[in-house]
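Student: Here it is: the structure, laid out below.
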Amino acid sequence: MDFSDRIRGFFSRKNNPALKELEAFVTERKGVEGYIEPRTSTSPTTLLLVDRAGDHLRAPVREPQDAVVFCERYALPVYDAAVIGYPQRMR
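Under our numbering, the first residue of the sequence shown is numbered 57, with each subsequent residue one higher.
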């Protein structure tokens with residue numbers, strides 16, 4: 057197992073503990089929206105969930121499509137943070 061396999065394993069759906077946190081956030085709150093944050097040189101692609109009160113939770117995802125699939129599973133609107141920006145209630 058080389059380093060890249062470890063990284064892929066870390067971000068896989070089965071081994072990603074952040075996925076359970078995202079699921080709990082979605083089921084416990086109302087008015088949740090998803091924002092896909094693009095990968096940068098220092099951070100991976102992330103899914104940011106924001107509820108109607110402005111509380112938020114961020115977790116890494118392997119690909120933007122994984123974030124879209126997650127949001128579709130819970131019938132959440134999903135936006136590209138690089139295009140739309142962040143909601144005012146989060147600030």
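Every residue gets a Cβ at the ideal spot worked out from N, C-alpha and C, and that includes glycine.
Computed from a predicted structure; not experimentally measured.
1) For E89, does the count of other Cβ atoms within 10 angstroms reach 16, so buried, or fall short, so exposed?
2) Should F81 and L103 be called a contact, given that it needs their Cβ atoms to be closer than 8 Å?
3) Could you please give me the residues that DSSP links to P116 through a beta bridge?
4) Give a yes or no on whether the C-beta atoms belonging to V124 and V139 are separated by under 8 Å.
5) Spatial neighbours of D136 within its chain, please: CB distance less than 7 Å, with the 5 preceding and 5 following residues excluded, ordered by chain position.
Tutor: So, from the listed chains and residues:
1) buried
2) no
3) T102
4) no
5) I92
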